[in-house]
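Only one structure is covered here, and it is reproduced in the block below.
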Amino acid sequence: MAQSQSHHQQLQQQQQQNLPFLLDALYCQEEDYLGEEEEQSCDNDNIAPPPPFLLPEQDLFWEEEELASLLSKERENQLHSKLEENPSLVGLRREAVEWVLEANAHYSFSALTAVLAVNYLDRFLFSFHFQREKPWMTQLAAVACLSLAAKVEETQVPHLLDLQVEGTRYVFETKTIQRMEILVLSTLGWKMNPVTPLSFLDHITRRLGLKTYLCLEILKRCQFLTLSLISDSKFMCYLPSVLAAATMLHIINGVDPCLALDYQTQLLGTLGICKDKVDDCYKLILDSAPPGILGHQYNKRKIGPIPESPNGVVDVCFSSDSSNDSSSAVSSSPEPLSKRSKTH
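UniProt numbering numbers the first residue of the sequence shown as 1 and each following residue consecutively.
Written out as structure tokens, the structure is:
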């Protein structure tokens, strides 16, 4: 126990030394971004240095308990083996996930809502036998899963008919979606709070003391990157902890490559996960991540200037600019929009 506490203290001391440099690099990037929107003066003296971050012994115990629970639960829904058994679902899944992301951005839902919806959809798709003569079933499942995720996470949820934004190939009646919601819930055993990459990202930011506004900005970028990757079924072979670690390393490397190795050591030490798997996932992210991921635009419909307080950052909802291709793919229906099928 004493050895474990000593190890955590070393990680915390190393993080405290590296964090100011990472903040400086990220602040400079934010300054460039804001300059494109409007001229703003930069006064580094106004930025208070991050306070020392030390976990009390009891808090450290709770964090360890939470991490152990996350690592245990994340193995409950490994679906990549089922994906290999059903390669025909890859295309259907991508189309459905891209629609979920488009609708999620349209209504300014949170990143967690989108990730939960995709998690529900994946677990349902690979647990339920779909009939090839009913291709609309996948779209119906996507609508139901997004509706369920929104009811779990959002405070305001649109009507089921309104949830089906333009670009859908089929339009379903409310009662049809409600029946599918019940089918999804029963198929998933009513387990609607799964472990996702965002669960680990949240844990990492607390363990490494990333609580300032600029560090929360790193978290938002990690969430944005996660959304840009989840439509690719190749990432289903990685556990949420591995994807979360690789995602954060990718963002940190884009901010300050000199600190990436130090943070990799801390992440692997904190999560206790395999370095080789994280490296493999990181390489796949390099091949799959959309260009300019660090300079993404925020949803101007939701906010104006970037907020100055951490509470404001939590409320920021970003738009998935990298899903432009996804929008095109989803909206490229073989039927005119005015003649979309209506399924009862």
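C-beta: ideal position from N, C-alpha, C; glycine also.
(message) According to DSSP, simplified to helix, strand and coil, what is Val278?
(response) helix
(request) My understanding is that Glu63 touches Arg207, with C-beta atoms under 8 Å, so please give their C-beta distance in whole angstroms. (result) 6 Å
(message) Suppose you measure from the CA of Val242 to the CA of Val171; what does that come to, to the nearest Å?
(response) Their backbone Cα atoms lie some 37 Å apart in a straight line.
(message) Less than 8 Å between the beta carbons of Pro194 and Asn119, yes or no?
(response) yes
(message) Quick check on this structure: which residue in Asp202, Asp262, Asp279, Ile204 has the alpha carbon closest to the alpha carbon of Tyr238?
(response) Of all alpha-carbon atoms in Asp202, Asp262, Asp279, Ile204, the one lying nearest the alpha-carbon of Tyr238 is that of Asp279.
(message) Quick check: Leu101 and Leu198, are their CB atoms within less than 8 Å of each other?
(response) no
(request) Sort Lys151, Val143, Ile204, Asp232 by Cα distance to Gln180 and report the nearest one. (result) Per the sequence shown, the amino acid found at residue 180 is Met instead of Gln. Of the candidates Lys151, Val143, Ile204, Asp232, the residue whose Cα lies closest to the Cα of Met180 is Val143.
(request) Since I believe Asp232 is in contact with Ser288 (beta carbons under 8 Å), could you give me their beta-carbon distance rounded to a whole number of angstroms? (result) 6 Å
(request) Just confirm the distance between the C-beta atoms of Leu79 and Phe126, as a whole number of angstroms; I'd bet it's less than 8 Å. (result) 5 Å
(request) Could you tell me the distance, in whole angstroms, from the CA atom of Ala114 to the CA atom of Ser186? (result) Approximately 20 Å, taken between the alpha carbons.
(request) May I ask you to report which of helix, strand or coil DSSP gives Val171? (result) strand
(message) Quick check: the Cα distance between Leu249 and Ser110, rounded to an integer number of angstroms?
(response) 22 Å
(request) Given a cut-off of 8 Å, decide if Glu74 and Pro240 are closer than it, judged by their beta-carbon atoms. (result) yes
(message) If I follow the unbroken alpha helix (DSSP H) through Pro197, where does it start and stop?
(response) 197-207
(request) Just the C-alpha distance for Gln178 and Arg94, rounded to the nearest angstrom, thanks. (result) Between the alpha carbons of Gln178 and Arg94 lies a gap of roughly 23 Å.
(request) Alpha carbon to alpha carbon, how far is Ala149 from Leu267? Give it in angstroms, no decimals. (result) 29 Å
(message) Mapping the DSSP letters down to three states, classify Leu148 as helix, strand or coil.
(response) Helix, per DSSP.
(message) Give me, in chain order, the residues of the same chain whose beta-carbon lies closer than 7 Å to that of Cys281; leave out the 5 immediate sequence neighbours on both sides.
(response) Tyr238, Val242, Leu243, Ala246
(request) Give me the Cα-Cα distance between Leu229 and Phe235, rounded to the nearest whole angstrom. (result) 7 Å
(message) Less than 8 Å between the C-beta atoms of Leu188 and Phe124, yes or no?
(response) At the C-beta level, Leu188 and Phe124 come within 8 Å of one another.
(request) Give the DSSP-derived three-state secondary structure of Asp162 in the structure shown. (result) helix
(request) In the DSSP assignment, find the alpha helix (DSSP H) that holds Asn253 and state where it starts and stops. (result) 240-255
(request) Please list, in chain order, all residues of the same chain as Leu71 whose beta carbon is under 6 Å from its beta carbon, the five residues on each side excluded. (result) none
(request) Please classify Tyr298: is it buried, with 16 or more other beta-carbons within 10 angstroms of its beta-carbon, or exposed? (result) Unreliable positioning characterises Tyr298 in this predicted model, as indicated by a pLDDT of 33, which lies under 50. The coordinate reading is nonetheless provided below. So Tyr298 ends up on the buried side.
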